[in-house]
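Asker:
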Amino acid sequence: MRSLALPLFLAATATVAAPPSPTDLADPFFGSDGGGNTVPGAGVPFGFASVSPDTTHGATSGYDGHSLIVGFSQTHVSGTGGGGKYGNFRITPALGGDGFVNQGYPRADEKASPGFYSVVIGRPGKQIKAELTAGRLTGFERFTFPASGDAELVLDATAAVPLGGGGPRATAARVEVEDARHFSGSASFVGGWNPAPYTLYFAAILSRPAAHIGRWSAGQGWLRREAGPGVSAGGDQRPSLANRLGLYAAFDTSADRAVSVKIGLSFVSVEQARRSLEREQPGWDFDAAAARARAAWDAALGRIEVEGGSAADRALFYSALYRSETMPHDLGGENVWWHSAEPHYEDFYTLWDTFRTLHPLLTLIAPERQRDVVRSLIDTYEHVGWLPDGRVAGANGMTQGGSNADVVLADAIVKDLGGFDREAALKAMLKDGEVESPDPQAEGRELGDYLKLGYMSLSATRSASRTLEYAFDDYAIAMAARKLGHADIAARYLARSRNWQNLWDAESRCIRPRYASGAWLENFDCDREYPDQTSLWWGAPYYEGSARQYSTFVPHDVAGLIARTGGRDGFVAWLDKLFDGGGYNPGNEPDMLAPYLYIHAGRPDRTALRVRDILAHFYRTGRTGLPGNDDAGALSSWYIWSAVGLFPSPAQSFYYIGSPIFARTTIRLEGGRSFVIEAQGASPDALYIAGATLNGRPLDCAWLKQEEVAAGGVLRLEMSSRPTDWGRNAPAPPQ
2 MRSLALPLFL
12 AATATVAAPP
22 SPTDLADPFF
32 GSDGGGNTVP
42 GAGVPFGFAS
52 VSPDTTHGAT
62 SGYDGHSLIV
72 GFSQTHVSGT
82 GGGGKYGNFR
92 ITPALGGDGF
102 VNQGYPRADE
112 KASPGFYSVV
122 IGRPGKQIKA
132 ELTAGRLTGF
142 ERFTFPASGD
152 AELVLDATAA
162 VPLGGGGPRA
172 TAARVEVEDA
182 RHFSGSASFV
192 GGWNPAPYTL
202 YFAAILSRPA
212 AHIGRWSAGQ
222 GWLRREAGPG
232 VSAGGDQRPS
242 LANRLGLYAA
252 FDTSADRAVS
262 VKIGLSFVSV
272 EQARRSLERE
282 QPGWDFDAAA
292 ARARAAWDAA
302 LGRIEVEGGS
312 AADRALFYSA
322 LYRSETMPHD
332 LGGENVWWHS
342 AEPHYEDFYT
352 LWDTFRTLHP
362 LLTLIAPERQ
372 RDVVRSLIDT
382 YEHVGWLPDG
392 RVAGANGMTQ
402 GGSNADVVLA
412 DAIVKDLGGF
422 DREAALKAML
432 KDGEVESPDP
442 QAEGRELGDY
452 LKLGYMSLSA
462 TRSASRTLEY
472 AFDDYAIAMA
482 ARKLGHADIA
492 ARYLARSRNW
502 QNLWDAESRC
512 IRPRYASGAW
522 LENFDCDREY
532 PDQTSLWWGA
542 PYYEGSARQY
552 STFVPHDVAG
562 LIARTGGRDG
572 FVAWLDKLFD
582 GGGYNPGNEP
592 DMLAPYLYIH
602 AGRPDRTALR
612 VRDILAHFYR
622 TGRTGLPGND
632 DAGALSSWYI
642 WSAVGLFPSP
652 AQSFYYIGSP
662 IFARTTIRLE
672 GGRSFVIEAQ
682 GASPDALYIA
692 GATLNGRPLD
702 CAWLKQEEVA
712 AGGVLRLEMS
722 SRPTDWGRNA
732 PAPPQ
C-alpha cells in the first residue's frame, strides 16, 4: 500500500490553523441596533473610557448602525434604556473646517474587535480613517487623513448623548491650549438618566505639533475661533444646545497623513487625567496599545471555554460574555465624592437589572471583581448613608423597584464570596428595611404602607411590583442574617418576605393591586397590561411589566405559588399560560426567572423546552442580536447562564440545571479549580436531560448547591431528543 505520509519538505512547513480564540469570536457590534442600545467602540473590561462613535440618530447610547457619524466621544454606557448619559469630549476629524458645523459623515469599512474599533468616514476624495483603542481611564485615537493642507481635529468639550434635547446638557466648560501639542479642560453636565450634576476633566496630547491650534466657541448663528495658547470658558447649554465650547488643531497631512491623540479622563482633576495618560498609554505605538487592550479581554473572556455547538453559537456566546463585562465602571482612584481607600465603582445602571444574572455570574467567574464591587457598595453606604439601586456619575438614583443592592450583598454572603465586611453589609441592608427613605426614587424604600398594611397600596406608584420586590429584598436580608447567625433578624424578615401573599388574588390567580382600604383594583384582568405600560412605566402598578409577568416574581417562595395555583400540575399549566399566551417578555427583567420555575414542580423538561426556544428565537449574532436593552449586561448574562446549562437564583445558594447547547463547558473558578459541564449528545433537537452525574455520583434533581459548583468538578448530562422523567420526582430546590 502506498504511504500517505507527507513528504518531509511539506511536513516541515504544513501548519494547522489555530481555532479562533474567544476574543476573535466576540463581536462588539452585538446588540448595537434593534433596541439593544450597546456601543461598538473600544474599551477594556469594566473600564470607564469607552471610545466610540456618536451618530446623528440612535438610542440613549448615542449610536446606531445606519445614520451618519458626527465624531468619537470618550465615555459611554452600554445597553441602557431611559435617558442617555455621557458621550463626553467628542473628537471629530475634519477637512476645511467641516468639524464646526455638526456635519454628519457617511461611513465605510466599519470594524471592531474587543479593545479596537475602526471606520472610514467621509465622502470619496475626502475620506478619513479613524482607529480607536482605550485603557481604563484613557482613549487613544489614530486618524489617517487624505493628503491635505487643511486637516483638523475638533474637540467639543460640551458634547453629550443623545444628540437631541432629552439627554444631559453642559452647564459649564473650560478649555486650555498649553502649547502646540498639549491641551486640557473640563465640563459639567446635568440631566439624562439620574439627572444629578457631574464634572469631568481631560488632558490630551497630540502625536506631533499642530500647525495651528486654538479654542472655539459657538452659539445660535455664530462661531468664534481664538488661535494660539490660552484659556476659554463657557458652553452653558441650558438656554440653548447651540452654546458650545471646544478646541481645534490643524495639520498639514500632505506628507505625513497620520495624526494621533491620547486623552486621559478624570473625575478628580486635569492633573490626575494626565497621570492616568502617562501610566496607561506610554509612547505612540497605537498597535501596542490596542494589543494591551486585547490582552485584557483575552484574560476576561478566557474564564469560560465552550466546545461544540455551532460556529454561530460560539460567536454569540463570546459576544454576550463580552457584553457582560463592561459595567459597572471601575473608577478606582477616581473617587472625588469622598476620601476612601476602598475600591470604587460607578454607573450601576441599574442593579434592578443586574442583580438577577450579571452579578451572580461575576461571583462565579470573576470573584475578585465582584468583591471589589461589593466593597464599593458598602463604602457608598458608609459615606452617602444609603445603598444605591442605581448610581451614575457620583449620585444615587434612580430606584426602579426595590432596594436591590440588598440582593447583591446577600448573594455574596450566602455564597461565601468573602473578602468584605459582612456585618457592615448587613447593617447597610437593614437600613433599607427599617428606615423610611426621604427620597425613595433615589435610594432606600417607601415603607409606610408596606409595614402597616403588608403591601404597598395604590396610593403609591409601582405599588404591586414594589410590594413583590420589597418582599424579595426582605428575604435576601433574612438569608444574610441567618448566614451570619442573627436568628431573630432572620425570623422577622422571613415573615415580612411573605408580604407578596397579601396581593395574591385567588380569583384571577395573579398579583392584584389593592387600595389602602383593602379593596382590590376594579376591572382587573391578569392578562392586560394595566394601565398602558408603554407610556406609564413609573406611574403604573407594575413597573415595566404586566400583572402576569410579575406574578412569577416570587423567587423565594415558589412552593407558595405552587400551592396557590393548584399544585404541581396546576402550576405547570399556569406557567404554560404565560408562555403560550404570549405574556412572557424575553427582552425585559421582571420574568427572567420564569422559565426555570418549572423545576420546582418536577418538570425540568418544560424548563429545557422554554429555555431552548428563547435561545433559538430571541438571540442571534450581529447588531440586532438582543431581544431588548442589554441593560449593562443583564440580557447578555441571561444568555450566558442559559447557554451553559446553569442558572442562578440570587440570594439563594443553589443553581438550576437547564439545557446546555454546548457539548462541553469549562468554567474556570478561583484557586485554579474548574467546573465542567459535559452534555453528551447535545444538539438543537437533543434538549432534554435523560440522566446526570456529578463527579460520577448519580444526580436526580435539576439543581446544584453553591458549594458543589464552587468546589469544582464535572457535571455530566445525557441529552435526549424526547422529554424524559429525569428530575420529575426529585426534591425541589431548597428555599
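Take the sequence shown: its position 377, counted from the start at 1, is 378 in the working numbering, and no numbers get skipped. Just so you know, even glycine gets a beta-carbon here, dropped at the ideal spot from N, CA and C.
#1: Given Thr400, which residues of its chain have a CB within under 7 Å of its CB, disregarding the five upstream and five downstream residues?
#2: Could you check how far apart the C-beta atoms of Gln371 and Thr381 are, in whole angstroms? I think they sit under 8 Å.
#3: Any idea what DSSP makes of Phe268, helix, strand or coil?
#4: Just mark Leu5 as buried or exposed, buried being the case when its beta carbon has 16 or more other beta carbons within 10 Å.
#5: Mapping DSSP to helix, strand and coil, what is Met328?
#6: By a C-beta neighbour count over all protein chains shown, 10 Å radius and 16 as the cutoff for buried, is Ala496 buried or exposed?
#7: Of all the beta strand (DSSP E) runs that stay within the bounds of the stretch 409–436, which reach a length of 3 or more residues?
#8: State the start and end residues of the unbroken alpha helix (DSSP H) segment that holds Met480.
#9: Since I believe Thr725 is in contact with Ala691 (beta carbons under 8 Å), could you give me their beta-carbon distance rounded to a whole number of angstroms?
#10: Could you check whether Pro591 and Phe648 sit closer than 8 Å to each other, using their CB atoms as the reference points?
#11: With a threshold of 16 other CB atoms inside 10 Å of the CB of Gln221, please say whether the residue is buried or exposed.
#12: Identify whether Asn336 lies in helix, strand or coil by the three-state DSSP scheme.
#13: Starting from Gln681, trace the beta strand (DSSP E) both ways and give me its first and last residue.
#14: When the distance is taken between beta carbons, is Leu616 closer than 8 Å to Ala635?
#15: Leaving out the 5 sequence neighbours to the left and right, which residues in its chain are closer than 8 Å to Leu537 when beta-carbon positions are compared?
#16: So what does DSSP say about Leu69, is it helix, strand or coil?
#17: Is Lys112 helix, strand or coil by DSSP?
#18: Would you mind reading off the limits of the beta strand (DSSP E) that contains Trp704?
#19: Does the contact criterion of 3 or more C-beta pairs under 8 Å hold for the stretch 283–303 versus the stretch 45–55?
#20: Could you give the DSSP three-state label for His384: helix, strand or coil?
#21: Once DSSP output is grouped into helix, strand and coil, what is the label at Pro54?
#22: Which word fits Asp474, buried or exposed, when buried means at least 16 other C-beta atoms lie within 10 angstroms of its C-beta?
#23: Using alpha carbons as the reference points, say which of Arg607, Met593 and Thr667 lies closest to Ser637.
#24: For chain B, is any of its Cβ atoms less than 8 Å away from the one on Ser320?
#25: Assuming Tyr689 and Tyr597 are in contact, meaning their beta carbons sit under 8 Å apart, how far apart are those beta carbons, in whole angstroms?
#26: Run the CB neighbour count on Trp727, radius 10 Å, all protein chains shown included, and call it buried at 16 or more, exposed below.
#27: Excluding five sequence neighbours on each side, which residues of the same chain lie with their C-beta closer than 7 Å to the C-beta of Trp704?
#28: Identify, in the order they occur along the chain, each residue of the same chain with its Cβ nearer than 6 Å to the Cβ of Arg624, setting aside the five sequence neighbours on each side.
#29: Let me know if Gly150 comes out buried or exposed under the rule of 16 or more other beta-carbons within 10 Å of its beta-carbon.
#30: Name the one or two DSSP bridge partners that Val262 has.
#31: In its own chain, which residues sit with a C-beta less than 6 Å from the C-beta of Pro329, not counting the 5 before and 5 after it?
#32: Considering Cα atoms alone, identify which of Ser187, Pro107, Ala609 and Asp581 is closest to Arg91.
#33: Going by DSSP, what residue range makes up the alpha helix (DSSP H) through Tyr87?
#34: From Asn336 to Leu627, what distance separates their C-alpha atoms?
#35: For Trp339 and Ala197, I'd like the C-alpha separation in whole angstroms.
#36: How long is the line joining the alpha carbons of Gly84 and Gly168, rounded to whole angstroms?
Answerer: Reading off the structure:
#1: Asp390, Gly391, Pro441, Gln442, Ala443 and Glu444
#2: The pair is not a contact, with the Cβ atoms about 15 Å apart (cut-off 8 Å).
#3: coil
#4: Bear in mind that the predicted position of Leu5 carries a pLDDT of just 40, short of 50, making it unreliable; the figure below should be weighed with that in mind. Exposed is the call here.
#5: coil
#6: exposed
#7: none
#8: Ser464 to Lys484
#9: 5 Å
#10: no
#11: exposed
#12: coil
#13: Ser675 to Gln681
#14: no
#15: Only weak support exists for where Leu537 lies, its pLDDT of 47 falling under 50; the coordinates are left without a value.
#16: coil
#17: strand
#18: Trp704 to Lys706
#19: yes
#20: helix
#21: strand
#22: buried
#23: Met593
#24: Looking at the structure shown, chain B is missing, and only one protein chain is on hand.
#25: Not quite, the Cβ-Cβ distance comes to about 15 Å (not below 8 Å), so this is no contact.
#26: buried
#27: Ile600, Phe655, Tyr656, Tyr657, Ile658 and Pro734
#28: Phe30, Ser33, Asp34 and Gly66
#29: exposed
#30: Glu142 and Leu207
#31: Tyr346, Asp348 and Phe349
#32: Ser187
#33: Where Tyr87 is concerned, there is no enclosing alpha helix (DSSP H), given that its DSSP letter is neither H nor E.
#34: 33 Å
#35: 16 Å
#36: 6 Å
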